[in-house]
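Accompanying notes for the structure given below.
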Amino acid sequence: MTPLTTPAGPATDVRTDPGSPGYGGIVEPADVVDHLLGVRPGDRLDQIRAARPEARANAQKAYEALFHPVDDSQISVAERLAVATFVVGLHGSEDLRDYYATRLAAVGGGSGYVVVGAVDEEVARARGNGPYGIYREPGLAPESRPGPSFEAAAEAVLGGRLSAALEHAQLLVLRPREATPEALDRLLTKGWSTTGIVTLSQLVAFLAFQVRVVHGLRQLAAAGSEGAR
Amino acid sequence: MSTEKTIATETVSAAEQVTTYPDLERPEKFTQENLGWVPWLEPLAVEKFTERHWDGVVDRRRAESPYFALLARDPEVLGARTRTDNDIFYNTKGGLPRAERELAAAATSRLNGCVFCASVHARFASHHSRRPDDVQQLLDEGVGADLGPRWNAVVAASVALTRTPVGFGEQEVRDLREQGLDDLEIADLVHGAAFFNWANRLMLSLGEPENPAKS
Numbered sequence: 001m002t003p004l005t006t007p008a009g010p011a012t013d014v015r016t017d018p019g020s021p022g023y024g025g026i027v028e029p030a031d032v033v034d035h036l037l038g039v040r041p042g043d044r045l046d047q048i049r050a051a052r053p054e055a056r057a058n059a060q061k062a063y064e065a066l067f068h069p070v071d072d073s074q075i076s077v078a079e080r081l082a083v084a085t086f087v088v089g090l091h092g093s094e095d096l097r098d099y100y101a102t103r104l105a106a107v108g109g110g111s112g113y114v115v116v117g118a119v120d121e122e123v124a125r126a127r128g129n130g131p132y133g134i135y136r137e138p139g140l141a142p143e144s145r146p147g148p149s150f151e152a153a154a155e156a157v158l159g160g161r162l163s164a165a166l167e168h169a170q171l172l173v174l175r176p177r178e179a180t181p182e183a184l185d186r187l188l189t190k191g192w193s194t195t196g197i198v199t200l201s202q203l204v205a206f207l208a209f210q211v212r213v214v215h216g217l218r219q220l221a222a223a224g225s226e227g228a229r
Numbered sequence: 230m231s232t233e234k235t236i237a238t239e240t241v242s243a244a245e246q247v248t249t250y251p252d253l254e255r256p257e258k259f260t261q262e263n264l265g266w267v268p269w270l271e272p273l274a275v276e277k278f279t280e281r282h283w284d285g286v287v288d289r290r291r292a293e294s295p296y297f298a299l300l301a302r303d304p305e306v307l308g309a310r311t312r313t314d315n316d317i318f319y320n321t322k323g324g325l326p327r328a329e330r331e332l333a334a335a336a337t338s339r340l341n342g343c344v345f346c347a348s349v350h351a352r353f354a355s356h357h358s359r360r361p362d363d364v365q366q367l368l369d370e371g372v373g374a375d376l377g378p379r380w381n382a383v384v385a386a387s388v389a390l391t392r393t394p395v396g397f398g399e400q401e402v403r404d405l406r407e408q409g410l411d412d413l414e415i416a417d418l419v420h421g422a423a424f425f426n427w428a429n430r431l432m433l434s435l436g437e438p439e440n441p442a443k444s
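Those sequence lines, one after another, are chains A and E. My numbering numbers the first residue of the first sequence as 1 and each following residue consecutively. My numbering numbers the first residue of the second sequence as 230 and each following residue consecutively.
What follows is the structure, given as structure tokens:
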């Protein structure tokens, strides 16, 4: 076992303050996925989602746990919203980008809009078609598809800690097969704690799920009712 | 080399540092074997669990797994994650057969490159479908393997859902309906593939798989 020694520093270089739970007066929907899909009581998507009530309720609980956390000491709400805006932006999901960007803009008494602009620019630079990357398994080398990694450019606005988080998010979203212990070590050197990295990882991974549920159910609804074929 | 032995030799507090395993017996490719998984970050010690953490792991036995004990560092998210997972894969009131939910999980993991996740859900798909050779073909050849029209449609839809930007659309829905899937079945597939886009990213980035101990 080789420990990569990296003491975690304090999280001092974040340029925005955590927002209040209401994000500057923005009302939180009872269910984000229903809200984004425009689900109405009794309609087709409502019935489909009602058949998996625990999945529906707990997808919402995961959202609440991530964006209205019990403990925000290891990763602030502002950081969560900035990473979220970046991740859904990388997916090219316009409605989810607007959803999270609106909340990010409202944090810190409205100063978050500066971060929104910086994150949008990072998205434009980081975008790609995933999943790609080089396999760690030798037997899968013929399937490796090398592609770009990402280095954040707006560190002056975002700070080193959040810049490192966006770089890690690009790895997880587009080339998760390239994840390494060294990538975690980079986060630790930029001031992330072990617990903070767990929440950051859950955040990126959850958003990859949420984007796909919203997209998939919307496409299903758009394809018309099953009797129509 | 067993993982337990490795951790027992650790003398420095590992809480805020990364652990690597130079001598790990790593899988060389996708497999249906029963792989282990070792964490790169230190799991939360069971002695430090409070009620909040026990609620987060849902099933108390999961505290013994390094994966779940690591995720227990954020117990509210872990609890919601696990309950979402259970309903998507184990709620069999209507909807997609278990085998095909597992096929969607395996195909998603195959495309993302999660050897560990693919091993677990390929085994489950084999068990529920009694088609281990077809499942093996998916692992060996990748998501382009020809597994017959219905499984091809399930795999193609999982692949489209897994791509970034997400590609799933009218064509995939039509193909699934032609194979007899109704709306709830398609929704189950969407959720199964979407969920593994959550799970794969955790498993791939917080640790790595190891081969089973040779008997």
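Here a beta-carbon is modelled for each residue, glycine too, at the ideal position from N, C-alpha and C.
Under the three-state reduction of DSSP output, V83 of chain A falls in the helix class. Listed in chain order, the non-local C-beta contacts of L253 of chain E below 8 Å within the same chain comprise M230, V267, E437, E439, local neighbours out to five positions each way being set aside. Annotation note: the region 347-407 of chain E contains the following uninterrupted alpha helix (DSSP H) runs of length 4 or greater, listed N- to C-terminal: 361-370, 378-391, 399-407.
Of all residues in the region 95-110 of chain A, none is placed with a Cβ closer than 7 Å to any Cβ belonging to chain E.
Residues of the same chain with a CB within less than 8 Å of the CB of P146 of chain A, apart from the 5 flanking positions on each side, are Y132, G133, I134 in chain order. At a beta-carbon threshold of 7 Å, the residues of chain A lying near F397 of chain E are H215, G216, Q219, ordered along the chain. For P176 of chain A, there is no enclosing beta strand (DSSP E), since its DSSP letter is neither H nor E.
Counting of Cβ neighbours within 10 angstroms places D314 of chain E among the buried residues, the total reaching 16 or more. DSSP, read as helix, strand or coil, puts V27 of chain A in coil. Residue state for W266 of chain E is assigned as strand, using DSSP reduced to three classes. Residue state for P438 of chain E is assigned as strand, using DSSP reduced to three classes. Proximity of E257 of chain E to chain A, defined by a Cβ-Cβ separation below 7 Å, is satisfied. Taking 7 Å as the cut-off, the beta carbon of S149 of chain A is found no closer than this to the beta carbon of S434 of chain E. Look at the region 322-350 of chain E and you find these whole runs of alpha helix (DSSP H), each 4 residues long or longer: 327-341. CA-CA distance, L81 of chain A to R103 of chain A, rounds to 7 Å. Legend: CB atoms of the region 321-355 of chain E lying less than 9 Å from CB atoms of chain A belong to residues K322, G323, G324, L340, N341, G342, C343, V344.
When secondary structure is reduced to three states using DSSP, R145 of chain A falls in the strand class. The CB of A309 of chain E comes closer than 7 Å to the CB of N58, K61, A62, A65 in chain A, given here in chain order. Around the beta carbon of T260 of chain E, 16 or more other beta carbons lie within 10 angstroms, which makes this residue buried.
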